[in-house]
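Protein chains in written order, with my numbering: chain A, 1 to 140; chain B, 141 to 280. Ideal Cβ positions, reconstructed from N, Cα and C, are used throughout, including at glycine. Below is one structure, written out as structure tokens; the observations come after it.
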DNA sequence: CCCTATATTAGATATAATCTAAATCATTCA
DNA sequence: TGAATGATTTAGATTATATCTAATATAGGG
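This is the structure:
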């Protein structure tokens, strides 16, 4: 995702293209991991060392609300984020806590009677277990 | 789940049956919501007002490790827990943040080539959208 | 080039979770 | 039953994470 694309996707969501927002989107584009807010804050600070923590959190909320960024539903201490681009599921390692992507595939919707009047916007699938590296090490 | 069952399920996991642990299990049995650690702490404190926050967190970790309790994968600020008993999926309301249960149904596993050497222990499905109550109120 | 709503800032504050080391208790085994 | 012992609990401090505030700055439209 290059400069123009980032700018346009921000603006088409009604968000101004500011330096911190741009830096966040660029960082998320380049880092396919699932950075925490703190990591994103640090990255934005490398670009502009005067950036504020509050801005990072504000923008994360705005970007999530705009549908450009997604907060990954993991239970760890700190929120983790990724670009809402190519769809994928997530795998969280029981031992090392790493969050990895798993190729996307369709998940069947629940039966309509068990949903009732709820309106589903999205669905996330989270696998848990041992990542490749931890699975090969001797059991604790 | 009555007293004896709780006691035995703790012991068969190698955990002593202590007052705080018992109170936590009993509370989770009675409260099918998805209480936060703070709510569980408060509940345990109603039983024994001298209980410590640290104990609550220690025990939650132990109970999760033992497979008796599950931490729900929601992205909110505070961790949420429920009994690992009847399986179910989760629905999180975009607007009010409530976490609700959705009837269990089998979710297909990912293709083995996209899992690689990872070992899957469990899988959680989280739906997001508007709960019945919020869906019926006028759009924000 | 202005104007103005939107966004950013530093720092204080709130909330959530963990750590420490001493005291206590549940279970085992004689 | 009565120690012995290792697991567990405790209060309170500490760390980590997130949000709030009100003053300042800036993007983008006219």
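How many angstroms separate the CA atom of residue i from the CA atom of residue j?
| i | j | result |
| --- | --- | --- |
| residue 195 (chain B) | residue 176 (chain B) | 14 Å |
| residue 127 (chain A) | residue 255 (chain B) | 10 Å |
| residue 225 (chain B) | residue 144 (chain B) | 16 Å |
| residue 41 (chain A) | residue 271 (chain B) | 33 Å |
| residue 118 (chain A) | residue 124 (chain A) | 16 Å |
| residue 191 (chain B) | residue 161 (chain B) | 11 Å |
| residue 148 (chain B) | residue 179 (chain B) | 25 Å |
| residue 81 (chain A) | residue 188 (chain B) | 39 Å |
| residue 24 (chain A) | residue 198 (chain B) | 36 Å |
| residue 129 (chain A) | residue 205 (chain B) | 12 Å |
| residue 166 (chain B) | residue 153 (chain B) | 17 Å |
Run down chain A in chain order and give the residues with a C-beta less than 9 Å from the C-beta of residue i.
| i | result |
| --- | --- |
| residue 245 (chain B) | 108, 110, 111 and 114 |
When the Cα of residue i is compared with those of the options, which residue comes out closest?
| i | options | result |
| --- | --- | --- |
| residue 240 (chain B) | B:148, B:273, B:162 and B:152 | B:273 |
| residue 212 (chain B) | B:145, B:232 and B:258 | B:232 |
| residue 30 (chain A) | A:136, A:44 and A:17 | A:44 |
| residue 104 (chain A) | A:110, A:87, A:57 and A:112 | A:87 |
| residue 15 (chain A) | A:34, A:33 and A:63 | A:63 |
Drop a sphere of 10 angstroms on the beta-carbon of residue i, count the other beta-carbons inside from all chains shown, and report buried for 16 or more, exposed for fewer.
| i | result |
| --- | --- |
| residue 11 (chain A) | exposed |
| residue 236 (chain B) | exposed |
| residue 61 (chain A) | exposed |
| residue 207 (chain B) | exposed |
| residue 215 (chain B) | buried |
| residue 79 (chain A) | buried |
| residue 253 (chain B) | exposed |
For residue i, which residues in chain B fall below 9 Å Cβ to Cβ?
| i | result |
| --- | --- |
| residue 54 (chain A) | Chain B residues near residue 54 (chain A): none, gap ~16 Å exceeds 9 Å. |
| residue 85 (chain A) | Here the premise fails: no neighbours, minimum Cβ distance about 18 Å. |
| residue 124 (chain A) | 213, 264, 265, 266, 267 and 268 |
At which residues does the beta strand (DSSP E) containing residue i begin and terminate?
| i | result |
| --- | --- |
| residue 233 (chain B) | 228-233 |
| residue 39 (chain A) | Premise fails: residue 39 (chain A) lies in the alpha helix (DSSP H), 37-47, not in any beta strand (DSSP E). |
| residue 15 (chain A) | Segment: none, residue 15 (chain A) is in no beta strand (DSSP E) and carries neither H nor E. |
| residue 106 (chain A) | Segment: none, residue 106 (chain A) is in no beta strand (DSSP E) and carries neither H nor E. |
Assuming residue i is part of the alpha helix (DSSP H), what are its boundary residues?
| i | result |
| --- | --- |
| residue 276 (chain B) | 272-276 |
| residue 144 (chain B) | 143-151 |
| residue 50 (chain A) | Unbroken run through residue 50 (chain A): none, as it is neither H nor E. |
Just to make sure I have the definition right: I need the residues of chain A whose C-beta is within less than 7 Å of the C-beta of residue i. Which are they?
| i | result |
| --- | --- |
| residue 147 (chain B) | Within chain A, no residue comes near residue 147 (chain B); the closest Cβ sits about 27 Å away, beyond 7 Å. |
Under 8 Å Cβ-Cβ, which residues of chain A neighbour residue i?
| i | result |
| --- | --- |
| residue 270 (chain B) | 118, 119 and 121 |
| residue 283 (chain B) | What the structure shows of chain B is the stretch from 141 to 280, and residue 283 (chain B) is not part of that stretch, so it cannot be assessed. |
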